[in-house]
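Engineer: Residue numbers (the numbering used here), protein chains in the order written: chain A, 157 to 465; chain B, 690 to 953; chain C, 10 to 294. Quick reminder that beta carbons are idealized off the backbone N, C-alpha and C, glycines included. The structure is given below, and queries will be raised subsequently.
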Amino acid sequence: MTAYLVSILTFVVLSAVLALALNIQWGQAGMINFGLAGFFSIGAYVAAILAVSGVDPVSSTLAAIVSTAALSAIVSLASVRLREDYLAISTLGFAEAVRLVLLNESWLTGGPNGIREIPRPFAGVLDPSSYEVAFLGASVLIFAAVYVLLERIIRSPFGRALRTVREDEVVAATLGKNVLALRVKAFAIGGAVAGLAGALHAFYLSYIDPTQFASFVTVYAFMAVVVGGRGSNRGLLIGASTVMVLLEGTRFLKELLPFMNAQQSAALRLLLVGVALILLLIFRPGGIAREYRLTAPARDDAPATAAKT
Amino acid sequence: MSRAGGEGIRLADLSAGYGGNDIVRDVTLAATASRVTTIVGPNGAGKSTLIKAVAGLLRPSKGKLFIGEKDITALAPAQRAAAGLGYVPQEHNVFKALSIDENLRIGFEFIRRRGGAAELRDARERVLTIFPDLGGRLNQIAGTLSGGQRQMLALASTLMPSPTALILDEPSAGLSPRYVRSMLDAVRAVNRAGVTVLMIEQNVTEALRISDDVVLLVRGQVRGAWPAGTFLDDPDVRSLFFHGRSDHDSQASGKERHHDASAA
Amino acid sequence: MQALLNGLIAGFLIALPAIALSLTYGVLNFANFSIGALITAGAYFAYFYNVDLGLHVLVSVALAGVSLSILAIVIERLVYRPLGDADHITLLVGSMGVAFVLENVIRLIYGADVRTLDITVSRPIIWNDLRLNNEQLVIVAVAVAAFVAVALVLKKTSLGRAMRATSDNPSLAEARGVNRRRIINWTWALSGTLAALAGALVAMDATVEPLIGTNYLISVFAATIVGGIGNPLGAMAGGLLIGIVEELSTLAFPTTYRQGVSFLILVAMLFLRPHGILGQAKIKR
């Protein structure tokens, strides 16, 4: 039972890290990334390929972060001056292209079989039976570190400039803000965090293949961000937990509906997540988490207007 | 002299604004049937807000609006159009991607839904008589027209469904002097055909040339109504315009002043 | 030369959803990400009518078109209308949600197996070394007919004028008496029909599986952007162009990277000429 709990919690934390990435890009900078799963997968694969070739886990992770950040910057460059729809289209296209590469370039990525036996970081140092818990602990620390870092960025002049751009681009430009640079930077920062999440994912599972990075990853991240209240990092853990609860909860549907095969019940569960996302967008676009912050001081940097967008 | 056909526009205690703040307050005025009434006032007086409220783009916070005897306060812009109110906005007033002919057709076909091809033809002929310049370029895309021609097209489109009353938001805005005259002449021609006109204008001189009645709006409130001919002669007008109150008026500044039409 | 012909056929298949995308973008002002899922739904509707109900394949294609136009209106009522005047990023995310739900409903009902429509296999026509089979002829015929129909509606009918007017200036259109609700419904209906036809035709020509639509998504977006987003008739040209380029690229690169080629074209267009070769403005924020 504890093992189950530990694994669930680890997934929640890793999803929350990915949601942090989306929160910077979408919540703070107003940039739609429909290809999040693609960047996530690049982080995972870069880390995995390097680790399997003998590179130590820290460097592998750093490489993952740098590559995703760079790719994010490049992908956003083309559409950053245009409407959000275009970035959404480009990122989706990018994710598709990545998926094709992952599936076909078996010499590099293992193709549909993926990469196995990714060495677990510091496995030799710890007692195997407590490794899982240690990993969970490390993930929580990493999440906390990223959280703090991102909060500082949000409260910095950079963060304020970003929000100005999000609210009214024309005003921001008149104030002398370099809109292009701000947006690309924000997108790259988000990309870096997504790469980190990917690397952690690879190290946790020890085995990755393309099916783990399908569009549902992106949908889950969006849900976590919407539930948590777009722009607010505080709500993200709640958001990620909610998604997890929804997913795990619906696992029991299979018991209730035995006439469905495994594939169909999987489809049903994903379906329910999608419906939940739509319902949230319609009825609670500001997120659930916000409602509990009755005494939150006004110093929270996400302005009131973020709640209605 | 009265011209038959048009219906009067009447505002009763109308207040309207944006986001809960009223910009115009307690406006009561009447644009008499078949006459041209112009609302003038300094910048920021709320003229544009008032016209938008009459057009139906803004919900009034209080007050009523009538065309003839019909209460149109609760009607949406399209319904007001169907009730006979034509509105020419100041900008974005034509479909730039469509041709002149298509602009005219659209002006007609959704307001006079039951009108047939013959009625459309007649409407087009009628309108092109007032704007012959448009007739020679029916297939030209509206986006390629000059500013002045676009204003003409906007007015022409609004006239297609034969409105009984017309409201215009600064018809001369952004136009070269030549077009200012033509535009306002066109408005007068429309009025001579019997249509009531209520408009707001910055260009007071030109507006007075074609107006019958003038209403002064300062800081969201009506400060008086005059026949067009005597408006500039009234010594109080200057101070009302710039200071919102009359030098000679020893009473509270909100008092309206009305002048006998027979003095015109 | 065969590649050119195949590319043309593929192009017609891409053009139909591209026209649909341009229509909804113009009138509703957001990029509809569920277009891929709608294509898939069209294919499965065709399957349902053809295999489950046993109707003739051409009848099934037509019925699929009608069914999807109704479905599109229902989706609009359930999802996009309640979202109302949410900022249009929310609409984008909403459409992604719709795509996700649609795909999984299909998976739920039909599972992930690959299926085919019930068609009699016929001998291809061979002419001067070029092969063309019956299915491909039907594709061309349907696509051209659909294109002509859309063009006629847009240019000659009052509905078409109202759609173009709404696309150009929504508030003026309303002031001139255009019923926005009606236009929205018709736009979705048309869009749904086009997507369904594309899906049904793909099903006819190849197979029916849950991912067909998504496999087309990037090509469709590339075609729409090349033709100028918001320019439905340009989307036809865009579609044909992308189809041909993709097919020709398979002479040099592995076939699996077709969409990769379209992706590169897409990004290049965004850099160089975002309003497309034939399109017009409305792309700046």
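Pull up the distance between the alpha-carbon of Leu764 (chain B) and that of Ala744 (chain B), whole angstroms please.
Structural biologist: Straight-line Cα distance between these residues: approximately 10 Å.
Engineer: Straight-line CA distance for Arg190 (chain C) to Pro924 (chain B)?
Structural biologist: C-alpha separation (whole angstroms): 53 Å.
Engineer: Are Ile44 (chain C) and Ile148 (chain C) close, meaning C-beta to C-beta below 7 Å?
Structural biologist: Going by C-beta atoms, Ile44 (chain C) is not nearer than 7 Å to Ile148 (chain C).
Engineer: Which value, in whole angstroms, describes the spacing of the CA atoms of Ile800 (chain B) and Ile82 (chain C)?
Structural biologist: Going by the C-alpha atoms only, they are around 26 Å apart.
Engineer: Distance, Cα to Cα, Phe156 (chain C) vs Ile830 (chain B)?
Structural biologist: Their backbone Cα atoms lie some 23 Å apart in a straight line.
Engineer: Helix, strand or coil for Ala765 (chain B), going by three-state DSSP, please let me know.
Structural biologist: Coil, per DSSP.
Engineer: In terms of DSSP beta bridges, what is Asn710 (chain B) paired with?
Structural biologist: BP columns for Asn710 (chain B) point to B:Tyr707.
Engineer: Determine the contact status of Pro213 (chain A) and Pro277 (chain A), defining contact as a CB-CB distance below 7 Å.
Structural biologist: Yes, Cβ-Cβ distance for Pro213 (chain A) and Pro277 (chain A) is below 7 Å.
Engineer: According to DSSP, is Gln940 (chain B) part of a helix, a strand, or is it coil?
Structural biologist: For Gln940 (chain B), the pLDDT reaches just 45, beneath the cut-off of 50, and the residue's location in the model is therefore unreliable, although a value from the coordinates is still provided. Of the three classes helix, strand and coil, the one that applies to Gln940 (chain B) here is coil, per DSSP.
Engineer: Against chain C, does Glu252 (chain A) count as a neighbour if the rule is that its beta carbon must be under 7 Å from one of theirs?
Structural biologist: It does; some Cβ of chain C falls within 7 Å.
Engineer: Whose Cβ in chain B lies nearer than 9 Å to the Cβ of Ser167 (chain C)?
Structural biologist: Correct list: Arg794, Ile795, Glu798 and Phe799.
Engineer: If distances are taken between C-alpha atoms only, which option among A:Trp263, A:Leu170, A:Gly395 and A:Arg272 comes closest to Ile364 (chain A)?
Structural biologist: Selected option, being the one with the closest Cα: A:Arg272.
Engineer: From the DSSP output, in three-state form, read off Gln910 (chain B) for me.
Structural biologist: Correct three-state label for Gln910 (chain B): strand.
Engineer: Chain A partners of Leu275 (chain C), CB-CB under 8 Å?
Structural biologist: The contacting residues are Ile245, Ser246 and Gly249.
Engineer: Can you confirm whether the stretch 176 to 191 of chain A touches the stretch 342 to 353 of chain A when touching is taken to mean that 3 or more C-beta pairs between the two stretches lie within less than 8 Å?
Structural biologist: Judged by Cβ distances under 8 Å, the stretch 342 to 353 of chain A makes contact with the stretch 176 to 191 of chain A, as three or more pairs qualify.
Engineer: Quick check on DSSP: helix, strand or coil for Phe262 (chain C)?
Structural biologist: The answer is coil: DSSP assigns Phe262 (chain C) none of H, G, I, E or B.
Engineer: Look at the alpha carbon of Ser900 (chain B) and the alpha carbon of Ala317 (chain A), and state the distance between them as a whole number of angstroms.
Structural biologist: Their Cα atoms are separated by approximately 51 Å.
Engineer: Which bits of chain A does Gly51 (chain C) rub up against, with CB to CB less than 7 Å?
Structural biologist: Those within 7 Å of Gly51 (chain C) in chain A number zero; the least Cβ separation is about 19 Å.
Engineer: Name the residues in the stretch 287 to 311 of chain A whose C-beta lies less than 9 Å from a C-beta of chain C; which are they?
Structural biologist: Listed by position, the residues of the stretch 287 to 311 of chain A near chain C (Cβ gap below 9 Å) amount to none.
Engineer: Can you find a C-beta in chain A that's less than 7 Å from the C-beta of Gly237 (chain C)?
Structural biologist: No, Gly237 (chain C) does not count as interfacial toward chain A.
Engineer: When the Cα atoms are used, what is the spatial distance from Leu747 (chain B) to Arg769 (chain B)?
Structural biologist: Those two C-alpha atoms are separated by around 13 Å.
Engineer: To the nearest angstrom, report how far apart Asn224 (chain C) and Gly775 (chain B) are at their CA atoms.
Structural biologist: Straight-line Cα distance between these residues: approximately 50 Å.
Engineer: Tell me, which residues are paired with Tyr776 (chain B) by DSSP?
Structural biologist: Looking at the DSSP assignment, Tyr776 (chain B) forms a beta bridge with B:Ile856.
Engineer: Measure the C-alpha to C-alpha separation of Ala198 (chain C) and Ala29 (chain C) and round it to an integer number of angstroms.
Structural biologist: The alpha-carbon atoms of Ala198 (chain C) and Ala29 (chain C) are separated by roughly 10 Å.
Engineer: DSSP three-state label for Thr398 (chain A), please.
Structural biologist: Reduced to three states, the DSSP call for Thr398 (chain A) is helix.
Engineer: Determine whether the beta carbon atoms of Ala204 (chain C) and Gly103 (chain C) lie at a separation below 7 Å.
Structural biologist: Contact flag unset, no.
Engineer: Starting from Met888 (chain B), trace the alpha helix (DSSP H) both ways and give me its first and last residue.
Structural biologist: No alpha helix (DSSP H) contains Met888 (chain B), which is instead part of the beta strand (DSSP E) from Thr885 to Ile889.
Engineer: With H, G and I counted as helix, E and B as strand and the rest as coil, what does DSSP make of Gly93 (chain C)?
Structural biologist: Here Gly93 (chain C) sits in coil by DSSP.
Engineer: Is there at least one Cβ from chain C nearer than 7 Å to Ala786 (chain B)'s Cβ?
Structural biologist: By this cut-off, Ala786 (chain B) is an interface position.
Engineer: Looking at chain C, which residues of the stretch 256 to 269 of chain A have a Cβ within less than 7 Å of any of its Cβ atoms?
Structural biologist: Answer set for the stretch 256 to 269 of chain A: Leu256 and Asn260.
Engineer: My output table needs one value for Leu754 (chain B): the three-state DSSP class, helix, strand or coil.
Structural biologist: Strand, per DSSP.
Engineer: Compare the C-beta of Asn178 (chain C) against all C-beta atoms of chain B and say whether one is closer than 7 Å.
Structural biologist: Interface residue, yes.
Engineer: Taking C-beta pairs closer than 8 Å, name the residues in chain C that Asn782 (chain B) reaches, listed in chain order.
Structural biologist: Within chain C, the residues near Asn782 (chain B) are Leu181.
Engineer: Give the DSSP-derived three-state secondary structure of Ala52 (chain C) in the structure shown.
Structural biologist: Here Ala52 (chain C) sits in helix by DSSP.
Engineer: Does DSSP classify Asp127 (chain C) as helix, strand or coil?
Structural biologist: Three-state DSSP puts Asp127 (chain C) in coil, outside helix and strand.
Engineer: Report the option in C:Leu168, C:Gly222, C:Leu64 and C:Met105 whose CA atom is closest to the CA atom of Leu47 (chain C).
Structural biologist: Among C:Leu168, C:Gly222, C:Leu64 and C:Met105, the Cα nearest to that of Leu47 (chain C) is on C:Gly222.
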